[in-house]
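Data block below; observations after.
In the working numbering, the protein residues as written are 4 to 741.
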């Protein structure tokens, strides 16, 4: 599917902090009335290839993609006992920096420095440790080092074949040797320069123009041939069995093979090791590719991980027994990707964007009771195909976070026909309910299992996604009016001016309220005991708990009702306005000033969204891929049940547990106790809500693991509000197991 609109962004690129995708400092793209409590960045899950400008004994430098270089120090690095150009072995910790004809050398662990001045007529070719390789105007090679800090010593390279043309200079896991690939008489060969005395020796003649090679102080592997560096002259290299993986480094007697040219579908590239002594193979790192390199001290670095959300650099070193060990030494930051829709509900921020590469996905960020991000980005749906966008969409697709860990959204096929989809409980399931050919519609709201759809046909549909459903079901079709669903109640205009009728979707019973509206409302929204209505020029909130009628501003729209407050956007001044009415009197303040340059067409779920199940607000802050969160500062309502799916099974077990769902109005921690008719408690389950929904699972066993038996049971659920506001909620019921 193709998308007809893409979000316009103010800046492209950037990387994520190393620890996770949560940024500690708020973005400063626009002046803000309230300081954000946290900022997150949506990143692509595609793993980034890195290269290593330098990798030594005390640390390394790495560069993900085209971004800047990051330096990492090993926490357990031990500086050499002696460091200086006369001690070649200590060069494993030397960083060479060239500026024209001058190479500055710095030993990172000890701070010792030296300067190599490249003579006039010489050209720089390579550097390893304290040694610099150059070529003079005649084609002769030289090894340069310093004496007494600044005096350059020149050691001519001997043994390099006359008439040979060097085509590649390569460093490896050594500061005592440097590899040269050369062509002579139409044949390609590979040899090593001994940097101590300048002696060159050819080891392998290749059948390839650019042979793959890797080496350390023990072995040279080139063109799938291996030979000991200290082998007697005239020794023939040993042919190795070729694989689709490439020789990347030699650590001790182990050849590391990675970055395969072909990977079978459904499998991941891995880094393996093959003993050059015994031929035995082993897996070093799974899901590893794109950033494998030797280090100057004879080890190696390699990237590995399941995705960019957990993409790390590992240090590979030799054990005392000659085996390999790996240590995670750095987190590779992921690249930012654009936010194409946002929603927040039940203490979780949902962002829609192209995170798996070219595919779209919902990703989640958990928020604490104060709205602060508490963890890294988590996939919250399968990879999704794009949808056709309608002109003026605030977000594409239209979406609604439902407060139970799921997101309902509107998907349009290439023919323009729409379906209401539901994702979020896992990363493989998509539930769908077609609208029977309707198109050009909007999501009018939704909570928990219910999503309200307004079609351009003039029909309104209530789509139900109940517990354990394999798809959606349209439970109600009616003429389109203003409407809202909260819990298991559908609110619509009543038969008299200003009245609103609530219909219980399970029992069919109705309740009619006089809101005081001077019209038939053109918009109705419901959250907890609050009912919002508007006639366009006037608006109000009716509190069902106290029967209060509260006038609220209607000068800017669209408005979004939350728990005790209303959120609106002034599209002229770019202010996000919060009207607090929880005391019975409406007061309005500027919550945040949004960026003047739009990232989309604006509006709820386009550039801002509010948590109706907790009260936090999220908004695009003007930096590509970033979303900031700000607390509303309005007290939340007491914990309450909105809807429940509690059934009475006759048989349960590990493969078919009892899995009720209690939809609450805000996040909680909970305890569920199962008690037999005798009064003996047999099982106690605890957990935290998914969004604002409690989703336990009891497999029929006791706390000791034994079977609980049959007969009547009493269940008792105690939920504690995560934000600490209000009393605990206690619910109870019975069921009988066969």
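C-beta: ideal position from N, C-alpha, C; glycine also.
query, result
"List the whole-angstrom C-beta distance separating residue 712 from residue 704, where the pair is believed to meet the contact cut-off of C-beta under 8 Å.", "About 10 Å; that fails the 8 Å criterion."
"Please state whether DSSP places residue 67 in a helix, a strand or coil.", "strand"
"Any beta carbon of chain B sitting closer than 7 Å to that of residue 304?", "In the structure shown, chain B does not exist; there is a single protein chain."
"Kindly indicate which three-state DSSP category residue 95 falls into: helix, strand or coil?", "helix"
"When you compare each of 563, 369, 502 to residue 615 by their alpha carbons, which one comes out closest?", "563"
"Alpha carbon to alpha carbon, what distance is there between residue 330 and residue 193?", "32 Å"
"Can you give me the C-alpha to C-alpha distance between residue 235 and residue 206, rounded to a whole angstrom?", "11 Å"
"Closest to residue 448 by CA distance: which of 485, 592, 590, 371 is it?", "485"
"For a minimum of 3 consecutive residues, which ranges assigned as the beta strand (DSSP E) are wholly contained in the stretch 665-690?", "671-679"
"If you reduce the DSSP assignment to three classes, tell me which class residue 743 lands in.", "Residue 743 lies beyond the residue range present for the chain, which begins at 4 and ends at 741; the question has no answer from this structure."
"Can you grab the Cα-Cα spacing for the pair residue 700 / residue 567, in whole Å?", "33 Å"
"Using a 10 Å radius around the Cβ and a threshold of 16 neighbouring Cβ atoms, would you call residue 650 buried or exposed?", "exposed"
"Enumerate, from N- to C-terminal direction, the unbroken beta strand (DSSP E) stretches of 3 or more residues contained entirely within the stretch 515-556.", "526-530, 533-537, 542-546, 551-555"
"Tell me, which residues are paired with residue 646 by DSSP?", "666"
"How long is the line joining the alpha carbons of residue 71 and residue 312, rounded to whole angstroms?", "19 Å"
"Among 87, 129, 520, 378, which one has its Cα closest to the Cα of residue 112?", "87"
"How many whole angstroms separate the CB atoms of residue 45 and residue 366, which I take to be in contact at a CB cut-off of 8 Å?", "6 Å"
"Check residue 617 in the structure and name its three-state DSSP category.", "coil"
"For the 8 Å Cβ check, are there 3 or more pairs between the stretch 147-155 and the stretch 116-132?", "yes"
"Helix, strand or coil for residue 744 per DSSP?", "The structure shown does not extend to residue 744, since the chain is modelled only from 4 to 741, so the question has no answer here."
"Quick check: the stretch 612-631 against the stretch 662-679, are at least 3 beta-carbon pairs closer than 8 Å?", "yes"
"Name the residue from 344, 490, 256, 96 whose alpha carbon lies nearest to the alpha carbon of residue 529.", "490"
"On the three-state DSSP scale, how would you describe residue 169?", "strand"
"If you measure between the beta carbons of residue 717 and residue 678, is that distance less than 7 Å?", "yes"
"Find out if the Cβ-Cβ distance for the pair residue 377, residue 406 is shorter than 7 Å.", "no"
"Can you name the residues that DSSP bridges to residue 54?", "66"
"What does the alpha-carbon distance come out to for the pair residue 596 and residue 633?", "12 Å"
"So residue 591 packs on residue 581, CB below 8 Å; how close in whole Å?", "7 Å"
"Grab me the residues of residue 91's own chain with a C-beta within less than 8 Å of its C-beta, minus the 5 sequence neighbours each way, in chain order.", "132, 133, 134, 178, 179, 198, 199"
"Quick one: what's residue 381 bridged to in DSSP?", "367"
"Do residue 423 and residue 453 have their CB atoms nearer than 7 Å?", "no"
"How big is the Cα-Cα spacing for residue 551 and residue 372?", "28 Å"
"For residue 627, which of 641, 600, 652, 612 has the nearest alpha-carbon?", "600"
"Starting from residue 716 and walking both ways along the beta strand (DSSP E), at which residues does that stretch end?", "714-724"
"With the cut-off set at 7 Å, would you say residue 290 and residue 307 are in Cβ contact?", "yes"
"Do you know how far the Cα of residue 386 is from the Cα of residue 165?", "59 Å"
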